[in-house]
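Colleague:
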Amino acid sequence: MRITVLSDNLPARGLEAEWGLSLYLEYQGHALLLDTGASDLFARNADALGLDLGAVALGVLSHAHWDHADGMDAFFARNAAAPFYLRQGCGETCFDHFPGLWRYEGPRRGLLARFASRIRYVEGAFSPLPGVTLLPHTTPGLEQKGAAAGMFRLEGGQWVPDDFSHEQTLVLDTPRGLVLCNSCCHAGADTVVREVQAAFPGRPIRAIVGGFHLYATPDQEVRALARRLRDTGVERVLTGHCTGERGFALLREELGEMVEQFSTGLVVEL
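Per this note's numbering, the sequence shown runs over residues 9 to 278.
1. Buried or exposed: where does Arg-214 fall if 16 or more other Cβ atoms within 10 Å of its Cβ makes it buried?
2. Report the rounded CA-to-CA distance for Asp-227 versus Gly-255, giving the unit in angstroms.
3. CB Ser-30 to CB Phe-50, shorter than 8 angstroms?
4. Quick one: is Glu-265 buried, meaning 16 or more other Cβ sit within 10 Å of its Cβ, or exposed?
5. Determine whether the beta carbon atoms of Glu-203 and Thr-146 lie at a separation below 8 angstroms.
6. Taking the DSSP output, what are the residues bridged to Trp-167?
7. For the structure I just gave you, are there three or more beta carbon pairs, one from the segment 118-125 and one from the segment 74-85, closer than 8 angstroms?
8. Tell me the DSSP secondary structure of Glu-265 in three-state form.
9. Can you list, in chain order, the residues of its chain whose CB lies under 8 angstroms from that of Tyr-223, leaving out five sequence neighbours each side?
10. Kindly indicate the opening and closing residues of the beta strand (DSSP E) around Gln-176.
11. Check this for me: beta carbons of Leu-18 and Tyr-32, under 8 angstroms apart or not?
12. Enumerate in chain order the residues of its own chain whose CB-to-CB distance from Gly-248 is below 7 angstroms, with the five nearest sequence positions on each side excluded.
13. Just to confirm, are Val-179 and Leu-143 a CB contact at a threshold of 8 angstroms?
14. Among the residues of its own chain, which have a CB less than 6 angstroms from the CB of Tyr-112, if the five just before and after it don't count?
15. Let's see if you can read the secondary structure: which residues bound the beta strand (DSSP E) around Ala-195?
16. Got a sec, what are the start and stop residues for the alpha helix (DSSP H) Trp-74 sits in?
17. Looking at Tyr-93 and Gly-67, is the spacing between their C-beta atoms short of 8 angstroms?
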């Protein structure tokens, strides 16, 4: 399988960059799209790279944040038929809490309703194609991580800590093991790997791909995460976006060359 980064924070190959993430995946004769970044930039980069978004068989939204969802209208304008899979409960509910401030972090208002005919909401472990699985979080107590990070959802007029139930992991089965993509790993990258291992017992984890939400995490916590990731047995770590440059540097110090930085335009064969 091949992964092409259409949108990331870091520019490369003469392409534009933004705070957002979009991945184009080629798997067993199918083209898949994970996230659409924060704008139509991912689509313009796809054009520059010669990738046809009209040929994408299905899209996946990793979670209900604007920097992954707000290019969806650009995708639907270029692709007439592919469904887009969202986790049940994905909606306009996500906020960050700062002292004296609630900041909306969800998809652009009205976007999901406008394209309701193209969106499929899924529950549990769901397989849209052979070898492809969308997994929800199964770890209890994740709302504690949401509260600690100042991440909340507005549900029924009440603020509740985000338990990341709107987040999902895209798992692809390859001859050399499972490749898992989780765009921000709000629950913790090691938690994501352990959940996949529980769902697919005995299968090796070839790689984890995505942002790790470490840009504001204290150094000692990043190093502890790196050690926990090593303990999972994952073979490769490809990360960018919300990991941040400092977070990546610390991961590289702890894990060496098994950690790779991705950037806009990067192509990875797995």
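For each residue, glycine too, the CB sits at the ideal point set by N, CA and C.
The model shown is predicted, which means the values in this text are computed figures rather than measured ones.
Modeller: Let me lay it out:
1. Its Cβ being crowded by 16 or more others within 10 Å, Arg-214 is buried.
2. Those two C-alpha atoms are separated by around 8 angstroms.
3. Cβ atoms of Ser-30 and Phe-50: closer than 8 angstroms.
4. With fewer than 16 Cβ atoms within 10 Å of its Cβ, Glu-265 is classed as exposed.
5. For Glu-203 and Thr-146, yes; Cβs fall inside 8 angstroms.
6. Under DSSP, Trp-167 takes part in a beta bridge, and its partners are Leu-162.
7. Remark: three or more beta-carbon pairs, one from each stretch, lie closer than 8 angstroms, so the segment 118-125 and the segment 74-85 are flagged as touching.
8. Of the three classes helix, strand and coil, the one that applies to Glu-265 here is helix, per DSSP.
9. If we look at Tyr-223 and ignore the five residues flanking it on each side, its Cβ neighbours are Cys-250, Thr-251, Gly-252, Arg-254 and Gly-255.
10. Bounds of the beta strand (DSSP E) holding Gln-176 are 176-182.
11. Against a cut-off of 8 angstroms, the Cβ pair of Tyr-32 and Leu-18 comes out as no contact.
12. Excluding positions up to five away in sequence, the list reads Asp-16, Asn-17, Leu-18, Gly-219, Gln-269, Phe-270 and Ser-271.
13. The answer is yes: Cβ separation under 8 angstroms.
14. Correct list, in chain order: Phe-103.
15. Note, Ala-195: premise wrong, no beta strand (DSSP E); not H, not E.
16. Its alpha helix (DSSP H) spans residues 74-77.
17. Judged by beta-carbon spacing, Tyr-93 lies within the 8 angstroms limit of Gly-67, meaning their Cβ atoms are closer than that value.
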